[in-house]
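Read the structure below first, then the notes.
Protein chains in written order, with this note's numbering: chain Y, 49 to 447; chain R, 299 to 540.
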């Protein structure tokens, strides 16, 4: 009975270790999926243009809060020309700012964006009520605004905001539409945003003549690489950049962003798995301990086996099979236990309102199983070799 | 000498333990032919067990020569010794050494599992061995369900299963009552009658006299090597009375 309890406690080390690897892999995988879903929610056939140079892997300077003014509205015009970027479907330019917005119901600190009229088409956003502004309103610097769904609820809790006015930086804007709910997508939350025409934003609110960002919709996913090249070529010509000088802008496809994010989140995930794996080493030491005890208790058995013809290799494999058996049993229970925990976590997070998927990948199970086999081999080999050195003469001893 | 099985010359064994040198055996020289029934006899600590361990390839001599079936065993490595133990030698121990919580059948099968050739006839070999010791009806019992005499008969079956040249029996009746002991000696004599070499290690004259020849060991040396004049035959009831 004591021996059974001891074996169980030893296996418990492996169970906990494998379970934590499974839990970390599952939660890591789900978190990764959540992040990637948000990015790809913007659309996977989009290309972003940012001001300022960047190397391919790192973020551009403008993303770090440094103001770069190299991207202008005239660049948008150039890119729109069919002969420059034939795969372009539509393009939208953004300027971003934050200010206090007031309605008769109160005032809020909010972000706003000045965008061209093509926003809905490029980002695939739907209207809940009213309309979006048109090109003419943009060029005329019309004082009209479209609200994200949350912002509409905040400013006008119990009424239709369309036709009402708000104050942005002490300028009154007429609300002409409300966007339907979209949820958090990428790094900006459409639902909390206030949209005004690009020029109204540039000239009336911010007093600048450059744009912060442009987003291009490409006709087909497969044409993205070609389009990126076209965009770069057009902008280099437009900015008169000489052959060997580097770009003063950066072009990113969302596919590229997903790739980068995947790499980053993978690194994080495997780092956490490695931390969890430390507990497996502790479990492995326990296995080694129990196997050494087992070898000690079975000296006579090993002696007998050698007396009837077992070679050292036979004894080594016998004990290795036993230790691997123990760790694999522990691994199986660890996988079951870890899956249950990950499932529970998924249920809880889902109830908190996140779009969380419960993910147990085959690779996690394969990894956990092979790690438990590996632990059995690594921590079983020393006791096994020790057993193989037992002399066959031990069989002749008697108590 | 076509019948010669074992030839030892000047065999010595010295144990070193924490700097202390202990001479367990020295100068053993004799020959054993196929089909002999030999008792190695002596008081405890005389070196008879050491001699058996060397003859049974459980241990190596520190000096001297050991020829087995004509070949010098000095050059045999661990695996070669394991192979000889597996193919040529069967051991019967005083304390039986059966694996507990394991069936009689599996206990007897054990040496076959360490044979390089995967035998198709394992089942038949095991059953034949069990039949020869009269234990076939217990094949599916666990070894810990048997009596002492039954255990020793199973152990003999295990020693026989690989059809060895020699059976080594180390005090095989030491843990048995006289009736079971007699039964074991009867089986050993029967095996010898059918042509197998048997080497018995014992400290009892009575048990030793079931052999045809007795080698006496004392203080690490062979002091006598004589044929048995009045051999005991383990089949009469009268023997029980003695």
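All residues carry an ideal CB built from backbone N, CA and C; glycine is no exception.
When CB distances to chain Y are screened at a threshold of 8 Å, the residues of the segment 362-387 of chain R falling below it are 376, 377, 380, 381, 383, 384, 385, in chain order. In the three-state reduction of the DSSP assignment, residue 294(Y) falls in the coil class, being assigned neither a helical nor a strand state.
For the segment 414-443 of chain R, the beta-carbon criterion of a distance under 9 Å to any beta-carbon of chain Y is satisfied by none of its residues.
Contact between the segment 441-449 of chain R and the segment 309-327 of chain R is not established, with fewer than three Cβ pairs separated by less than 8 Å. Cα atoms of residue 461(R) and residue 424(R): separation of roughly 11 Å, rounded to the nearest angstrom. Chain order gives the chain Y residues near residue 412(R) as 353, 356, 357, 358, 359, 362, where near means a beta carbon separation below 8 Å. Relative to the Cα of residue 124(Y), the nearest Cα in the group 246(Y), 168(Y), 213(Y), 57(Y) belongs to 246(Y). In this structure, the CA atom of residue 196(Y) is about 9 Å from the CA atom of residue 230(Y).
For residue 307(R), no alpha helix (DSSP H) encloses it; the enclosing beta strand (DSSP E) starts and ends at 302-315.
Residue state for residue 338(R) is assigned as strand, using DSSP reduced to three classes.
Excluding residues up to 5 positions away in sequence, 413, 460, 462 lie with their Cβ nearer than 8 Å to the Cβ of residue 385(R) in the same chain.
For residue 379(Y), the enclosing alpha helix (DSSP H) stretches over residues 360-399. Sorting 382(Y), 346(Y), 356(Y) by C-alpha distance to the C-alpha of residue 398(R) places 346(Y) at the top. Listed in chain order, the alpha helix (DSSP H) elements of length 4 or more contained wholly in the segment 313-366 of chain Y are 347-355. Using beta-carbon distances, residue 315(R) does not count as an interface residue toward chain Y, since no partner is under 9 Å.
Excluding residues up to 5 positions away in sequence, 338 lie with their Cβ nearer than 7 Å to the Cβ of residue 54(Y) in the same chain.
Between residue 175(Y) and the set 158(Y), 193(Y), 189(Y), 184(Y), the nearest pair of CA atoms involves 193(Y). Rounded to the nearest angstrom, the Cβ distance from residue 392(R) to residue 341(R) is 16 Å, too far for a contact under 8 Å. If you draw a straight line from the Cα of residue 486(R) to the Cα of residue 496(R), it comes to about 7 Å. Interface criterion met: the Cβ of residue 408(R) is under 9 Å from a Cβ in chain Y. Separation of the CB atoms of residue 405(R) and residue 358(R) is rounded to 28 Å, and the pair is thereby denied contact status at 8 Å. Inter-residue distance for residue 56(Y) and residue 508(R) is about 52 Å (C-alpha atoms, whole angstroms).
Classified as buried, residue 356(R) has 16 or more neighbouring CB atoms from the shown chains inside 10 Å of its CB. Distance from the CA atom of residue 293(Y) to the CA atom of residue 94(Y), rounded to whole angstroms, is 26 Å. Under the Cβ criterion of 9 Å, residue 456(R) is counted among the residues facing chain Y. DSSP places residue 504(R) in the helix class (H, G or I) of the three-state scheme. Those residues of the segment 337-365 of chain R placed with their C-beta closer than 9 Å to a C-beta in chain Y are 347, 350, 351, 354, 355, 356, 357, ordered along the chain.
Measuring C-alpha to C-alpha distances from residue 119(Y) to each of 298(Y), 422(Y), 416(Y) identifies 298(Y) as the nearest.
Taking CB atoms only, residue 432(Y) has no neighbour in chain R less than 9 Å away. Residue burial is scored here from C-beta neighbours: residue 328(Y) has at least 16 other C-beta atoms within 10 angstroms and is therefore classed as buried. With fewer than 16 other Cβ atoms from the protein chains shown falling within 10 Å of its own Cβ, residue 314(R) counts as exposed. Under DSSP, residue 225(Y) forms a beta bridge with 178(Y), 194(Y). Between residue 350(Y) and the set 407(Y), 435(Y), 158(Y), 79(Y), the nearest pair of CA atoms involves 435(Y). If you draw a 10 Å sphere on the C-beta of residue 70(Y), you find 16 or more other C-beta atoms in it, and that means buried. Close partners of residue 348(Y) in chain R (Cβ separation under 7 Å): 395. Against chain R, the CB of residue 73(Y) has no partner CB under 9 Å away; the residue lies outside that interface.
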